[in-house]
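Colleague: Handing you this structure, nothing more for now.
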Amino acid sequence: MSVRAVRVLSVVVALSLGVSGAGAGFAVPPQGPSAVVPSPLGQGTPDGDEAPAGEPPPADLGAGGTGPARVGQWLTPPEVRVYPSGGSSADAVPATMGRERLDCMQFVSTFRLNSVFGGQAYVHKWDAERLVWADTGVLVPRITNGWDRTTPIVADLCGPSRPVLLASDGGVYRFVSNTGSGAGSWAESRTVEVRVRAVEPWFEEQPRDAVVAAGEAATFTATATVGWVGNQGIPHTRAELNVRTEISRDGGRTWQDVDRTSSTQTTAEHTTALVARPEDDGALIRFAATRERPDDPHFAPATGYSDQVRLTVRSAPVITQAPQSQHVAVGEPATFAAAATGYPAPSVRWQYSADGGTVWRHVSADAAPEGQQDLVLDPTTSEMDGWRIRVGFSNDAGEVWSSPADLRVESPPVVLEDPVDQEVLVGGSARFTARYATDRTNGQQRLWERSTDGGTTWDQVGSPRWCQTESCVVSWDVEADDLTHDGDLYRLVVTYLAGQRRVESAPARLTVLDTVLPRVTGQPRDARVEAGEDATFTVTVTGRPDPGVQWLTSADGERWSEVPGATGTTLTVTAAGPDLHGHRYRARARNVAGEALSEVATLAVETAPTIVEGPVDQEVLVGGSARFSARYATDGTSGQRRLWERSADGGATWEQVGQAGWCQSASCPVTLDVVADDLDQDGDLYRLRVTYLGATRDVASAPARLTVLPQVAPEFVEHPSTAHVLVGQDAELRALATGSPEPDVQWYVAPAHPEAEEDTPDVEDEDWQPVPGATGPVLSTGAVDLAMQGQRYRARATSTAGEAWSDAATLVVETVPEILTPPQDTTVLDGDPATFSARYRTTGLPSQIRTWWRSSDGGDTWRREGDERFCRPDAVCEPRLVIDETTPSMDGDLIRLSVTYLGGRERVDSAPARLTVQPLAVPEVRLQPQDVVAHGGLPVRFEAAATGRPEPSVQWWVSTDDGATWAEVPGATEPTLVLESADPSLRGNQYKARFSNRAGKDDTRAARVVDVLPLRSAHVLIRPRVVVVDELPARASGRVRG
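Read left to right, the sequence shown gives residues -24 to -1, 1 to 1018 (mature numbering (1 follows the signal peptide of the UniProt record, and there is no 0)).
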């Protein structure tokens, strides 16, 4: 038996109650067949216990079986238990209706013995073909000896030879006991039917999900396989494998058959084609395979199921919920909901139209993210009012748009002005007025409400109305018939959003009053104002109704007339002029109950005084006196008083000095004399102040300062300094002296000292002479010449407190230096010194300084080289600049000479010269000496050449041992080596030249005297040629070579 088959075998047990097995639902073989039931030992039927053929067993069955009570009885019917193969039978558990999987099976019951001697128990199975009970041969424990003893009986159908339950084990079983011989020694238990369930089919090929369009066929295929195990493990070919297709449209809760097929094979492939309908979308499909044997009553069918797969019906979107129109207030969210079916799940697009549906635009992703089926416009704005909203659903199968929904965004009305409290006399009428802003539609209705209980309840008064303008002013008139209306509240209410909401104004109170005679409770007061200002008179009155007030005026207090338009409790006389001075005013209060007059108030009008001239600062020596003068304009009345004031703390506080007075003329000059007794009065301030309007106002002059000075001798705080000027220019010298009183300054001049240029030695007083007209802190010499060179100047300051002399200053007269020869470009080798020279003309004064400058950036910046010097006494100077050691970084530097003059304020520059620094170059041989064949007695010549910087020197060397050692050739320091007379000793000698400079050296190759040949005589025939010349040549020579 295969492992898979073993794992899925199960047992179904039916208990036979009585002969017919009533209640079990299964047919039970008859009890007591004619055949003799063999014993387990293979013996015949015991004597006296033969049962007649075809007769049922005796009817006196015990609780668990049959047989007379004297033998014993089975107390319980056989119970079927199962346990795993290879496990312990002690672990067997009761088998139920096909719930447990099993490998082995056992029967369990209890036998009670009614005799002393025990016996043997057997397990019999009904043979339906032979119609007899047959012993199964299963070993059963013996029945224990002992009267009335009970013995538990356990029989295992599995054993070493057959360790698993087989399909043929299905049938009807019973226990039989034999406790003696003869009639009555046999007892049978009730029967139990065992039906062995088939192996559950499984699916080798599972169905797959299907996606089709509505109306198309969806095909599902599965292959079911079953392993039926019968005797010897051979599949039972008579069993049928039924495969059916099931569908569930409620998520798997219930299933309906679609079709089925049957097969006697262990493997069956089944294909189902379903025409998809929209309502089939989402349906679950599965295959059920059942193994059955209709011809075997002990065969229990088993069913296996495939995986559940889904049928998806692709369909165009169908809107199941369309968006509905919304009516919201500005700022509130508006939500449009929609839903649709379709496969694939349709995508959602929301659109709006602001022109009634002509042009549609997509709603932004913030309000309607892709795929979201609800559109939320939050917040709404007034610009959205009138929009039309629609939603579109689309998928691969199609697209559909909803009908448009309207968006009504209503701007809530706003109460701009609340009604105000009204006060009315009984019998009169009151009008309540309010103003509100509206959207100008009839959806916003206004109405008035009244409350007679302090605002607890409100009643509508009048009919609702609506306004066609943005700002609406509305009124409600109330007739105060009696005092019962006193305290009523009125308010304006505006409804919107189709009456679902409302805004309310603040309530206004109606006060209904009785009449009261007027009475003046606050009298007007006299007024004093400056001409051109407003004068104000105020009166307070009471009465009911509120009295009307009329102001009256009189110039003499006798004749009174109404002031035009002056009907309030306050009278303002605008820009009162002097002509109204002394006028009188009073108020008259009047209502329906009577009238009352106020007291009289007088108007005084003054012209403000003006300060025409203020005092000026005064300076006085200690012990002297100062006078402060001022002038002011007045109206000439005694109400305008003048006084002098002094402040000793810089104007923070003021105190009066002298007596106050007044002036009867239009222009009044006044003075104040102050004696400066000591220096404590220094810095005191004085001013003139004039009061008017009963001293409630004043005008004051600007303050003047009193300066009290001590007696201070003159002192120079700034001395003149040496002046450098060019011939023909003006020289200016300055000296500043202080003192109290301020000193006078006179300039003096002394002749030049013969040994001085800028330094000023002591000069005798008698040498100083005043410069005519030269007074004050500045002296101008006028155009100077060289004759004034070196003159000295100083200033003298004098006052009543003494005198002082300034330091002396020298006049230096110069001419502009002239560059005669600028420095020249210079080229040097790296490390060599560089020298620059120039020539310039100067006056030879120390103030004319020459300086060498060098620039390494093409002349943008310059730095000083060497010391600053001046040329003296020569008129033409030739300075030199030596740069001791040059470097490559100096290549391209510029050198110039500068000469300053006028004390260094001005200078002249030469043209720059360029410094070129050439790098050193190691000698390099350019011409090598060549081997020679010499002739005895004739010169031998070797030539060589090399380059280098600086130009290399040369030294010839000779080797007489084939180059092993070398020695200098004395005096051979030219590029050409000439050996005057060759002899055989020179044969084989080698010569080379060495070129060297401070950068290095380089040797030529060695040239050899290959051989020295003997000199041969040559006979030369010379034929003279006569030439006639005017004179003999200075020298005639000839040379014979051979």
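Ideal Cβ placement from N, Cα and C applies to all residues, glycine included.
According to the neighbour-count rule (16 or more other Cβ atoms, all chains shown, within 10 Å of its Cβ), is Thr550 buried or exposed?
Modeller: By 1-based counting over the sequence shown, the position of residue 550 is 574. Classification of Thr550: exposed, given that the 10 Å Cβ count is below 16.
Colleague: What number of angstroms, rounded off, separates the C-alpha of Ala606 from the C-alpha of Leu669?
Modeller: For the purposes of this step, residue 606 is taken as the residue at position 630 of the sequence shown. For the purposes of this step, residue 669 is taken as the residue at position 693 of the sequence shown. When rounded, the distance between both Cα atoms is 22 Å.
Colleague: Measure the C-alpha to C-alpha separation of Gly879 and Trp838 and round it to an integer number of angstroms.
Modeller: Locating residue 879 in the sequence shown gives position 903, counting from the first residue. Locating residue 838 in the sequence shown gives position 862, counting from the first residue. Going by the C-alpha atoms only, they are around 21 Å apart.
Colleague: Output the boundary residues of the beta strand (DSSP E) element that contains Ser81.
Modeller: The residue you call residue 81 lines up with position 105 of the sequence shown. For the sequence presented, residue 81 should be read as Met rather than Ser. Counting along the chain, the beta strand (DSSP E) containing Met81 begins and ends at Cys80 to Leu89.
Colleague: Quick check on this structure: which residue in Gly438, Ala814 and Gly659 has the alpha carbon closest to the alpha carbon of Pro888?
Modeller: Numbered from 1 along the sequence shown, position 912 holds the residue referred to as residue 888. The residue with the shortest Cα to Cα distance from Pro888 is Ala814.
Colleague: For Val985, tell me which candidate among Tyr967, Arg974 and Leu991 has the shortest Cα-Cα distance.
Modeller: Along the sequence shown, one-based indexing puts residue 985 at 1009. If we check each option's Cα against that of Val985, Tyr967 comes out closest.
Colleague: Would the segment 622 to 636 and the segment 683 to 694 be scored as touching if the rule is three or more Cβ pairs under 8 Å?
Modeller: no
Colleague: List, from N- to C-terminal side, the beta strand (DSSP E) runs of 3 residues or more that fit wholly inside the segment 824 to 865.
Modeller: 825 to 831, 839 to 846 and 856 to 859
Colleague: Going by DSSP, name the residue or residues bridged to residue 1026.
Modeller: Lying before the first or after the last residue shown, residue 1026 is absent from the chain, which here runs from -24 to 1018.
Colleague: Using a Cβ-Cβ cut-off of 6 Å (strictly less than) and excluding sequence neighbours within five positions of Ala244, which residues of its own chain qualify?
Modeller: On the sequence shown, position 268 is the one that residue 244 refers to. For Ala244, where only same-chain residues beyond five positions count, the Cβ hits under 6 Å are Ala200, Leu217 and Val219.
Colleague: Entirely within the segment 582 to 639 and at least 4 residues each: give me those alpha helix (DSSP H) ranges in chain order.
Modeller: none
Colleague: Just reading off the beta strand (DSSP E) that His246 is part of, what are its end residues?
Modeller: In the sequence shown, counting from the first residue as 1, residue 246 sits at position 270. Its beta strand (DSSP E) spans residues Thr243 to Val251.
Colleague: For His911, which residues of its own chain have a beta-carbon under 8 Å away from its beta-carbon, when the five flanking residues on both sides are left out?
Modeller: On the sequence shown, position 935 is the one that residue 911 refers to. Within the same chain, Cβ atoms closer than 8 Å to the Cβ of His911 are found at Ala958, Val988, Leu989, Pro990 and Leu991, the five residues on either side in sequence being excluded.
Colleague: I need the DSSP call for Ala763, collapsed to helix, strand or coil.
Modeller: In the sequence shown, residue 763 corresponds to position 787, counting from 1. The answer is helix: DSSP assigns Ala763 an H, G or I state.
Colleague: On a CA-only basis, which of Val633, Ala969, Pro277 and Ala759 is nearest Pro946? Give me that one, please.
Modeller: On the sequence shown, position 970 is the one that residue 946 refers to. Out of Val633, Ala969, Pro277 and Ala759, Ala969 has the C-alpha closest to the C-alpha of Pro946.
Colleague: Throw me the rounded Cβ distance for the Thr242 and Val234 pair, which I believe falls under 8 Å.
Modeller: Taking the sequence shown and counting its residues from 1, the one referred to as residue 242 is at position 266. Taking the sequence shown and counting its residues from 1, the one referred to as residue 234 is at position 258. With 8 Å as the limit, Thr242 and Val234 do not qualify as a contact, their Cβ atoms being about 23 Å apart.
Colleague: Short check: CB of Val390 to CB of Val479, under 8 Å?
Modeller: Numbered from its first residue, the sequence shown carries residue 390 at position 414. Numbered from its first residue, the sequence shown carries residue 479 at position 503. Cβ atoms of Val390 and Val479: closer than 8 Å.
Colleague: In the DSSP assignment, find the beta strand (DSSP E) that holds Cys134 and state where it starts and stops.
Modeller: Reading the sequence shown from its first residue, position 158 is the one you call residue 134. Note, Cys134: premise wrong, no beta strand (DSSP E); not H, not E.
Colleague: Along the chain, where does the beta strand (DSSP E) that runs through Gly48 open and close?
Modeller: Mapped onto the sequence shown, residue 48 falls at position 72. First-last of the beta strand (DSSP E) with Gly48: Gly48 to Trp50.
Colleague: According to DSSP, is Thr550 part of a helix, a strand, or is it coil?
Modeller: Locating residue 550 in the sequence shown gives position 574, counting from the first residue. Coil.
Colleague: Under the rule that 16 or more other beta-carbon atoms within 10 Å means buried, what is Pro591, buried or exposed?
Modeller: On the sequence shown, position 615 is the one that residue 591 refers to. With 16 or more Cβ atoms within 10 Å of its Cβ, Pro591 is classed as buried.
Colleague: Quick one: Cα of Glu575 to Cα of Thr433, how far?
Modeller: For the purposes of this step, residue 575 is taken as residue 599 along the sequence shown, with counting starting at 1. For the purposes of this step, residue 433 is taken as residue 457 along the sequence shown, with counting starting at 1. Each residue's alpha carbon lies about 50 Å from the other.
Colleague: When you compare only the Cα positions, how much space is there between Thr21 and Phe263?
Modeller: If you number the sequence shown from 1, residue 21 lands on position 45. If you number the sequence shown from 1, residue 263 lands on position 287. Only weak support is given to the placement of Thr21: the predicted model assigns it a pLDDT of 28, under 50, and the value that follows is read from those uncertain coordinates. C-alpha separation (whole angstroms): 54 Å.
Colleague: Within the continuous beta strand (DSSP E) that includes Asn154, where are the two ends?
Modeller: Indexing the sequence shown from 1 puts residue 154 at position 178. Run containing Asn154: Gly147 to Asn154, per the beta strand (DSSP E) assignment.
Colleague: Starting from Ser972, follow its DSSP beta bridges and name the residues at the other end.
Modeller: Numbered from 1 along the sequence shown, position 996 holds the residue referred to as residue 972. Per DSSP, Ser929 and Lys977.
Colleague: Taking the beta strand (DSSP E) that Val568 belongs to, which residues open and close that run?
Modeller: Within the sequence shown, numbered from 1, the residue matching residue 568 stands at position 592. It is not in any beta strand (DSSP E) - Val568 carries neither H nor E in the DSSP assignment.
Colleague: With a CB to CB cut of under 6 Å and the five nearest residues on each side skipped, what residues in its chain are close to Val633?
Modeller: The residue given as residue 633 occupies position 657 in the sequence shown. Same-chain partners within the cutoff: Trp620 and Arg622.
Colleague: By the three-class DSSP mapping on this structure, what secondary structure does Pro254 have?
Modeller: Your numbering for residue 254 matches position 278 in the sequence shown. Here Pro254 sits in helix by DSSP.
Colleague: Looking only at its chain, what residues have a beta carbon closer than 6 Å to the beta carbon of Ser530, apart from the 5 residues adjacent to it on each side?
Modeller: By 1-based counting over the sequence shown, the position of residue 530 is 554. Cβ neighbours of Ser530 beyond the five flanking positions: Trp536 and Arg560.
Colleague: Can you give me the start and stop residues for the beta strand (DSSP E) that Gly556 sits inside?
Modeller: For the purposes of this step, residue 556 is taken as residue 580 along the sequence shown, with counting starting at 1. In the sequence under discussion, the amino acid at residue 556 is Leu, which differs from the Gly named in the question. Neither: Leu556 is in no beta strand (DSSP E) and is coded neither H nor E.
Colleague: Would you mind giving the Cβ-Cβ distance between Thr317 and Thr296, rounded to the nearest angstrom? I have them listed as a contact below 8 Å.
Modeller: Position 341 of the sequence shown, counted from the start, is the residue given in the question as residue 317. Position 320 of the sequence shown, counted from the start, is the residue given in the question as residue 296. Going by Cβ atoms, the distance from Thr317 to Thr296 rounds to 6 Å, so yes, they are a contact pair.
Colleague: Is the separation between the beta-carbon of Ser165 and that of Trp50 shorter than 8 Å?
Modeller: Position 189 of the sequence shown holds residue 165. Position 74 of the sequence shown holds residue 50. In contact: Ser165 and Trp50 (Cβ atoms closer than 8 Å).
Colleague: Going by other Cβ atoms of all chains shown within 10 Å of its Cβ, with 16 needed for buried, is Pro822 buried or exposed?
Modeller: Position 846 of the sequence shown, counting from 1, holds the residue named residue 822. Counting Cβ neighbours within 10 Å, Pro822 comes out exposed, since fewer than 16 surround it.
Colleague: Please classify His729: does DSSP put it in a helix, a strand, or coil?
Modeller: Numbered from 1 along the sequence shown, position 753 holds the residue referred to as residue 729. Coil at His729, not helix or strand.
Colleague: Would you kindly check if the distance between the Cβ of Ala406 and the Cβ of Val450 is under 8 Å?
Modeller: Position 474 of the sequence shown, counted from the first residue, corresponds to residue 450. Position 430 of the sequence shown, counted from the first residue, corresponds to residue 406. For the 8 Å CB-CB criterion, Val450 and Ala406 do not form a contact.
Colleague: Considering just the uninterrupted stretch of the beta strand (DSSP E) at residue 1079, what are its terminal residues?
Modeller: This structure gives no information on residue 1079, because the portion of the chain shown stretches from -24 to 1018.
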